[in-house]
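K.L.:
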Amino acid sequence: MKLLTIILTCIIGIALGCPPPFNNPDFLGNDTHTTTDLIEAAIQQGGIAWTDAVATYGNPGKPWPQDHDSYHTTIHYCYKDKAAYNDLSNLVNQALNLWRNKIGPAGRQSGHALSITEVQWHFSDPQPWCILQAPDPNAGNWNSAYPSGTLVIQKESENRGTVARSSEGYRPQGLPDRHGIAVDRTKARTIDLPWLIAHEFGHVFGLWHEHQRYDRDYYLHFECKNPARYEETKRAVEQRGEHTMAQVCKSGYLSYRYNFGAAEWSKQNHKDAEGNYWQTFEGHSIRSRLCILVT
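Letter by letter, the sequence shown follows residues -17 to -1, 1 to 278 in mature numbering (1 follows the signal peptide of the UniProt record, and there is no 0).
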């Protein structure tokens, strides 16, 4: 039942906006049972469930595809370069263990079909990283030894000002390195890095923030003055004179316009594809742990 703690409570609302699990109409909600009830019942009865929680409407992220030879969904990842491997591989392993310890391996017993594994390579390979390195004449380009769309783990650029960022869900088309997680451990300060990276993996899987629910304020308080660049943003807002800081703190759109981190806590526009708000709040999941650390 650990799966119900870490996955179902994260997807209760947005599950309604996704295609039926395994394209099976038996999982569609009705007047008697919700989609969540039907999924829970399937898990309890030994039926294999799903881990995709990415709405198909208005979102470039899609559910990760199933493997060709099984009902499992495997996400493969690689490291951008040696520096990323040396700096982050141990933390990535710890982060993935947090998920594995919570939801268990893919299969009927755990009720999910998700697996994530590093693409295997040999240290003797002169180009073992997913981005080609010098002295290769194509240094900086994608290493064709890795499938396009492989999740890229890399160090965050020092000038971005973020501790970590990630892509959300699966993108069927785009650049070879379109899926990724970037981490700058030098900016982490007191943040528990394995938990932070586990949080970013949640975005990669297709999950959203618990702390952006419409009823978030009932469970926790977001202090808009705490994110980095608050004073800088406030000065820019006052100079431009088009909005108030209260509006910027509330609006994800305005926060992005001013390059302000409050966008990650905006409650606006966080409905599923059916127009429904998320339901049960889960305050102890990997998805909500970060908001407790930084608010």
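Each residue gets a CB set at the ideal place from its N, CA and C atoms; glycine is no exception. Predicted model only: the values in this text are computed from it and were never measured.
May I ask you to list the residues that DSSP assigns as paired with tryptophan 125?
P.N.:
To locate residue 125, count along the sequence shown from 1; it is residue 142. Its beta-bridge partners are Ile114.
K.L.:
To the nearest angstrom, report how far apart glutamate 214 and lysine 208 are at their CA atoms.
P.N.:
Indexing the sequence shown from 1 puts residue 214 at position 231. Indexing the sequence shown from 1 puts residue 208 at position 225. Looking at the two C-alpha atoms, the distance is approximately 8 Å.
K.L.:
Exposed or buried, what is lysine 63 when buried is set at 16 or more other beta-carbons lying within 10 Å of its beta-carbon?
P.N.:
Position 80 of the sequence shown, counting from 1, holds the residue named residue 63. Answer is buried; the Cβ neighbour count reaches 16.
K.L.:
Select from Gln92, Lys85, Ala246 the residue whose C-alpha is nearest the C-alpha of residue 318.
P.N.:
The question about residue 318 has no answer, for the chain in this structure spans -17 to 278.
K.L.:
Since I believe serine 131 is in contact with proline 159 (beta carbons under 8 Å), could you give me their beta-carbon distance rounded to a whole number of angstroms?
P.N.:
As a position in the sequence shown, residue 159 is number 176, starting the count at 1. As a position in the sequence shown, residue 131 is number 148, starting the count at 1. The Cβ separation is near 4 Å, so the contact holds.
K.L.:
Determine, using beta carbons only, whether tyrosine 68 and valine 102 come nearer to each other than 8 Å.
P.N.:
One-based indexing of the sequence shown puts residue 68 at position 85. One-based indexing of the sequence shown puts residue 102 at position 119. Not a contact, by the Cβ cut-off of 8 Å.
K.L.:
Do the segment 160 to 178 and the segment 92 to 99 touch if we need at least three Cβ pairs shorter than 8 Å?
P.N.:
Segments in contact, no.
K.L.:
Going along the chain, which residues of its own chain have a beta-carbon closer than 8 Å to the beta-carbon of leucine 81, five neighbours each way excluded?
P.N.:
In the sequence shown, counting from the first residue as 1, residue 81 sits at position 98. Hits under 8 Å: Pro177, Trp178, Ala181, Ile269.
K.L.:
Assuming isoleucine 58 and valine 187 make a contact with CB atoms under 8 Å, what is their CB distance in whole Å?
P.N.:
Against the sequence shown, residue 58 aligns to sequence position 75. Against the sequence shown, residue 187 aligns to sequence position 204. Right, their Cβ atoms sit about 7 Å apart.
K.L.:
Can you tell me the Cα-Cα spacing of alanine 117 and alanine 66, whole angstroms?
P.N.:
Sequence index remark: in the sequence shown, residue 117 carries index 134 (1-based). Sequence index remark: in the sequence shown, residue 66 carries index 83 (1-based). Taking the straight line from one Cα to the other gives about 13 Å.
K.L.:
Do asparagine 121 and tryptophan 112 have their C-beta atoms closer together than 8 Å?
P.N.:
The residue given as residue 121 occupies position 138 in the sequence shown. The residue given as residue 112 occupies position 129 in the sequence shown. Not a contact, by the Cβ cut-off of 8 Å.
K.L.:
Which of the three DSSP states is assigned to glycine 185 in this structure?
P.N.:
One-based indexing of the sequence shown puts residue 185 at position 202. Three-state DSSP puts glycine 185 in a helix.
K.L.:
Per DSSP, what are the beta-bridge partners of glutamate 215 in this structure?
P.N.:
Numbered from its first residue, the sequence shown carries residue 215 at position 232. Answer is none; glutamate 215 lacks a bridge partner.
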